[in-house]
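To start, the structure itself, in structure tokens.
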Amino acid sequence: ALKQLKKRQPKKSNDLPHPNKLPGIFDDIHAAEGRQVCRRHELYVSFQDLGWLDWVIAPQGYSAYYCEGECAFPLDSCMNATNHAILQSLVHLMKPDSVPKACCAPTKLSATSVLYYDTSNNVILKKHRNMVVKSCGCH
Amino acid sequence: SGSFHGNYLHTSSFLQRRLSGWEKREMQREILSILGLPGRPRPRPPPGAKLPSSAPLFMLDLYHAMASEEEDGRGSGDTDVAWGRGVSRPVLTSLSTQGPPLERVISHADMVMSFVNMVEHDRDLFYQEPYWKEFRFDLTQIPSGECVTAAEFRIYKMRSFTRHLNKTLHISVYEIVTEQSNRESDLFLLDLQTVQAGDEGWLVFDVTAASNHWLLNRKSHLGLRLYVEAEDGRSVDPGLAGLLGRQGPRSKQPFMVTFFRANQNPIRAPR
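Heads up: the sequence lines are chains A and B, in that order.
To convert, count from 1 in the first sequence and add 68; that's this note's numbering.
To convert, count from 1 in the second sequence and add 183; that's this note's numbering.
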């Protein structure tokens with residue numbers, strides 16, 4: 069795919085809209101479509117709702133969060149975007165049917181600890197990595 | 184804020200189908216698998232479990248210490264952040280100043296497991312010297328793929344039942360390596376503490392070596408044996424020395440804590 073792009077780029081260089089040539093075009097897209105930028109949303113995982121509090125001692129649940137929103141070019145400056153995501157977003161503008169937009173996904177995850185009984189009434193404190201979204205961004 | 188239509192829940196952003204009972208069970212199984220559990224644990228509360236026992240209390244202190252650190256952001260960090268770094272020693276007091284510092288041990292661990300004492304054998308004043316106490320733990324629940332980073336045996340000491348409270352006592356803990364019917368069992372010294380007869384609090388013994396042996400060969404687990412000696416080498420009944428066993432209050436019963444580090448990520452069954 070990369071080779072094809074390289075070959076085609078000189079011929080289709082005019083297909084890529086340059087922000088300076090089309091001032092405000094992307095801002096208009098934001099406003100018109102009211103798109104929701106990639107950001108972190110609240111998601112609480114409840115051990116109580118799962119009916120697990122007979123063996124989970126603590127916590128009763130935890131804030132796991134999730135990431136949702138669009139990663140449309142130009143990626144907002146406040147957004148945590150990889151260089152690859154910026155390039156993919158540009159390529160998506162050229163070939164929207166073959167290259168998808170960058171994904172809104174966690175960029176930083178942290179651990180959470182769960183204290184629970186096992187079947188023999190021993191108590192276990194376990195750290196589970198990558199369970200809590202600390203930040204979201206475009207990948 | 185969603186509304187139900189038939190089997191579907193409409194929310195502002197997506198259409199969500201109601202899950203069948205089977206699908207819910209499958210989903211719970213998937214979450215348990217992520218937590219590294221083969222199934223839903225079914226603990227049976229022991230008789231008289233209304234009063235909290237020492238091991239869960241200790242673990243809860245440990246949990247709170249780590250949770251507060253995660254909230255502060257010190258231990259939460261990214262995926263590589265060490266667990267519970269800088270955690271202070273939990274509320275349970277210790278007479279011991281020996282052994283690895285708890286915060287260092289925790290920072291290297293992925294899992295901490297406490298084991299209640301299942302069986303206790305005493306050779307007390309009604310028997311010949313030397314006197315001792317034996318303790319056994321159920322290690323069958325340890326998940327595979329874990330290696331021990333540290334293990335502690337914790338036992339509570341009351342003030343000794345003796346007139347000489349400033350008397351020095353040497354308390355030693357051994358791993359029972361082999362049991363012999365016709366002679367004394369083979370023992371391996373794990374840790375030794377020196378205390379005063381009048382001291383009171385939790386004693387912590389390093390039993391990492393024994394835990395490693397037991398984990399490698401779970402069938403060879405024969406337990407721990409504890410001896411108490413006076414300064415002149417005379418054997419002292421552990422009960423008279425103030426060491427509490429299964430007959431003591433629930434919040435002061437002996438237990439073992441083992442710190443594990445996962446060798447690998449848990450392998451989940453494909454859905």
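Ideal Cβ positions, reconstructed from N, Cα and C, are used throughout, including at glycine.
What you are looking at is a predicted structure, and each value in this text was computed from that prediction instead of being measured.
By DSSP's assignment, tryptophan 315 of chain B forms a beta bridge with B:Arg306. Residues of chain B with a Cβ closer than 8 Å to the Cβ of histidine 207 of chain A do not exist, since the nearest Cβ in that chain sits about 15 Å away. Under the DSSP assignment, leucine 409 of chain B falls in the beta strand (DSSP E) whose first and last residues are 407 to 413. Tyrosine 134 of chain A is classed as exposed because its beta carbon has fewer than 16 other beta carbons within 10 Å across all chains shown.
The C-alpha of arginine 212 of chain B lies about 25 Å from the C-alpha of phenylalanine 298 of chain B.
Of all residues in the region 159 to 191 of chain A, those with a C-beta nearer than 8 Å to a C-beta of chain B are Lys176, Leu177, Ser178, Ala179, Thr180, Ser181, Val182, Leu183, Tyr184, Tyr185, Asp186, Thr187, Ser188, Asn189, Asn190 and Val191, reading in chain order.
Between the region 412 to 429 of chain B and the region 356 to 366 of chain B there are fewer than three C-beta pairs closer than 8 Å, too few to call the two in contact.
Around leucine 118 of chain A, the beta-carbon contacts reaching into chain B at under 8 Å are Gln211 and Ile214. Residue contact check for leucine 218 of chain B against chain A: a CB pair falls below 8 Å.
Among the bridge pairs identified by DSSP, arginine 444 of chain B is matched with B:Cys330.
Identification of chain A residues near serine 297 of chain B by a Cβ-Cβ cut-off of 7 Å yields Asn190 and Val191, ordered along the chain.
Under the criterion of beta carbons closer than 8 Å, leucine 193 of chain A and methionine 439 of chain B do not qualify as touching, at roughly 14 Å.
The DSSP-derived three-state label of tyrosine 112 of chain A is strand. Assignment of valine 360 of chain B by DSSP, reduced to helix, strand and coil, places it in the strand class. A residue is called buried once 16 or more other Cβ atoms fall within 10 Å of its Cβ, and cysteine 139 of chain A is buried on that count. Around histidine 196 of chain A, the beta-carbon contacts reaching into chain B at under 7 Å are Leu218. Among the bridge pairs identified by DSSP, tyrosine 184 of chain A is matched with A:Val124 and A:Ile192. Distances from the alpha-carbon of alanine 248 of chain B to those of A:Leu155, A:Val182, A:Val124 and A:Pro164 put A:Val182 closest. Under the three-state reduction of DSSP output, lysine 202 of chain A falls in the strand class. Under the three-state reduction of DSSP output, tyrosine 133 of chain A falls in the coil class, being neither helix nor strand. The shortest CA-to-CA distance from glutamine 116 of chain A to any of A:Tyr130, A:Gln104 and A:Val191 is the one to A:Tyr130.
Distance between leucine 240 of chain B and leucine 161 of chain A, taken at the CA atoms: about 58 Å. For threonine 391 of chain B, the enclosing alpha helix (DSSP H) starts and ends at 391 to 399. Taking the beta carbon of glutamine 324 of chain B as reference, the chain A residues within 9 Å of it are Asp186, Thr187, Ser188, Asn190 and Ile192, listed in sequence order.
Short of 6 Å from the beta carbon of tyrosine 339 of chain B, and not among the five residues preceding or following it, lie these beta carbons of its own chain, in chain order: Trp385, Leu427 and Lys435. If you ignore the 5 residues before and after phenylalanine 344 of chain B, its C-beta comes within less than 6 Å of the C-beta of Leu423, all in its own chain and listed in chain order.
The beta carbon of histidine 196 of chain A sits closer than 7 Å to those of Ala179, Thr180 and Val182, all from its chain and outside the five residues before and after it, given in chain order. Residue environment for cysteine 106 of chain A: buried (at least 16 other C-beta atoms within 10 angstroms of its C-beta).
Collapsing the DSSP output to three states places phenylalanine 344 of chain B in coil. Minimum Cα-Cα distance from serine 394 of chain B among the listed residues B:Leu218, B:Arg223, B:Glu303 and B:Ala334 corresponds to B:Ala334. Three or more Cβ pairs drawn from the region 165 to 172 of chain A and the region 147 to 156 of chain A lie within less than 8 Å of each other, which places the two stretches in contact. Rounded to whole angstroms, methionine 199 of chain A and proline 174 of chain A show a C-alpha spacing of 11 Å. Among the residues facing chain B, alanine 132 of chain A is not included, as its CB has no counterpart in that chain under 8 Å away. Chain order gives no chain B residues near alanine 140 of chain A, where near means a beta carbon separation below 9 Å; the closest approach is about 16 Å. Counted as a single uninterrupted DSSP element, the stretch harbouring leucine 373 of chain B is not any alpha helix (DSSP H) but the beta strand (DSSP E) occupying residues 369 to 379. For the pair glycine 137 of chain A and leucine 111 of chain A, the Cα-to-Cα distance works out to about 15 Å.
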